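Our numbering applies: residue 43 is where the sequence shown begins, and numbers increase by one.
We treat Cβ as the ideally placed atom computed from N, Cα and C, and that holds for glycine.
Remember, predicted model here, so these are calculated numbers, not experimental data.
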Amino acid sequence: MNPITVNEEKCIGCSLCVNDCPSACLYLKNGKAHAGKSGCIECGHCYAICPQGAIRLSSYPCEDEPVVSMTELDSETLLSAMRSRRTIRHFMDKPVEEEKIRKILEAGRYCPTGGNSQNVSYTILGSRQAEAEAICVALFRRGQKLGAPLVEFLKRIQISDSFFFKGAPLVIVVSGKDDVNAALASSYVEIMAESLGLGVLYSGFFRVCAGISGKLRKLLELPKGHKVVTCMVIGYPSVKYQRIVPRKDLQMKRL
Ligand SMILES: Cc1cc2nc3c(=O)[nH]c(=O)nc-3n(C[C@H](O)[C@H](O)[C@H](O)COP(=O)(O)O)c2cc1C
C-alpha cells in the first residue's frame with residue numbers, strides 16, 4: 043500500500059507534488075493529486091512541498107515544521123568554519139552534554155541516504171568505551187610486536203592506553219550497510235559537533251580494529267548486516283589552532 047494519503051478537500055491540484063516526486067508515484071486526476079500503488083520511497087517531498095498541507099505519510103508523524111533554508115545561513119561564515127576545522131587529538135576532561143549529543147545525532151538522521159534507505163546507525167560506546175579501547179590497544183600492540191608489515195607507521199609510534207580515543211568523553215561508531223550513506227551521515231555529525239564547540243577525530247584505526255577483531259564487533263552489537271564505517275571521537279578541544287592549514291590545489295576539471 044502507498045504510505046501517502048492526500049486530503050482531497052485540501053488539495054488544490056497544483057501538481058507540485060506530482061512534479062517533485064522522484065519515484066513518479068503521484069498523479070493528477072480530476073484536479074486532485076492521487077497516490078499510485080507502489081514505488082514510494084517515503085522521502086517526504088510531496089508532504090514538504092504541498093502549499094495546502096494536504097499530504098500525510100502514514101509511516102511517520104507529520105508535524106508541519108516550517109522550513110529553514112540553507113540560504114539563510116551565511117555562506118562566508120560556513121566556508122570559513124569549514125576551512126578552519128581541524129582534526130582534534132587533544133581533549134578536555136569535560137563531558138559532552140546530552141542536549142548536544144541529541145543535536146549531533148539529529149543532524150545525522152537528516153542526512154540524505156540512497157533510496158531514502160536511512161540505513162545508518164549510531165553506537166555510543168558509553169560504558170563500554172574503555173573496554174573497546176583496550177581491545178584496540180592490545181590488537182595494535184600485538185601488530186607492533188609482529189613487525190607490523192601492514193602499517194609501517196606502527197613501528198615508530200607509542201601505543202598508549204588512550205591511543206585510540208585520546209581521553210575524549212564521547213565516541214560514536216557510525217555503521218551501515220552502505221559505506222556512502224554512513225560516511226555522509228558522519229560528515230553531518232561532524233559539522234554539527236563542531237558548530238557546538240566540540241572537536242572531532244575520525245578514528246580510522248578503530249575501523250581497522252573492527253575489521254579484524256570479532257571480539258570488538260561483538261561488543262558493538264551492530265544491527266544485522268551493518269559494518270563500522272566511521273568511528274567519531276568527540277569532546278571539547280584542549281588545543282586551539284591559530285591559522286588555516288595549506289592544502290593541495292583543487293583537483294577539478296570541467297568537461
Ligand atoms: C576516514 C578518516 C580516518 C582517520 N583516521 C585517523 C586516525 O585513526 N588517527 C588520527 O590521528 N587521525 C585520523 N584521521 C585524521 C586525518 O589524519 C586528518 O583529517 C588529516 O591529517 C587532515 O587534517 P585535518 O582534519 O586537521 O584537516 C582520519 C581522517 C579521516 C577522514
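Which term fits residue i, buried or exposed, when burial requires 16 or more other beta carbons within 10 angstroms of its beta carbon?
i: Met234; result: buried
i: Phe195; result: exposed
i: Thr119; result: exposed
i: Val109; result: exposed
i: Gly189; result: exposed
i: Thr113; result: exposed
i: Tyr164; result: buried
i: Gly185; result: buried
i: Leu243; result: buried
Less than 8 Å between the C-beta atoms of residue i and residue j, yes or no?
i: Lys219; j: His268; result: yes
i: Asn44; j: Ala77; result: yes
i: Pro64; j: Cys85; result: yes
i: Lys142; j: Tyr278; result: no
i: Val213; j: Cys153; result: no
i: Ile146; j: Val231; result: yes
i: Ile237; j: His132; result: Correcting the residue type first, residue 237 is Ser in the shown sequence and not Ile. No.
i: Leu264; j: Ser217; result: yes
i: Leu58; j: Pro93; result: yes
i: Ser159; j: Asn223; result: yes
i: Ala96; j: Cys53; result: yes
i: Gly150; j: Ala227; result: yes
i: Phe207; j: Gln171; result: yes
i: Ser245; j: Val275; result: yes
i: Val270; j: Arg296; result: no
i: Tyr283; j: Arg183; result: no
i: Leu258; j: Ala174; result: yes
i: Thr47; j: Ser100; result: yes
i: Cys104; j: Cys82; result: no
Between which two residues does the beta strand (DSSP E) carrying residue i extend?
i: Val222; result: Note, Val222: premise wrong, no beta strand (DSSP E); alpha helix (DSSP H) at Asp221 to Ser237.
i: Lys71; result: Leu68 to Lys71
i: Met274; result: Lys269 to Gly277
i: Tyr164; result: Val162 to Ile166
i: Ser217; result: Leu212 to Gly218
i: Ile46; result: Ile46 to Val48
i: Lys74; result: Lys74 to Ala77
How would you write the range of the alpha helix (DSSP H) that residue i sits in, first residue to last?
i: Ile254; result: Gly246 to Ile254
i: Ile177; result: Gln171 to Lys187
i: Leu58; result: Leu58 to Asp62
Just confirm the distance between the C-beta atoms of residue i and residue j, as a whole number of angstroms; I'd bet it's less than 8 Å.
i: Ser255; j: Ile177; result: 6 Å
i: Ile130; j: Gly241; result: 3 Å
Notebook entry, point to check: Taking the runs of the alpha helix (DSSP H) that are 4 residues or longer, which of them lie wholly in the region 131-157?
Noted result: 140-151
Next item on the list: Just list the beta strand (DSSP E) runs in the region 80-125, keeping only unbroken ones of 3 residues or longer that don't cross its boundaries, in chain order.
Entry: 97-99
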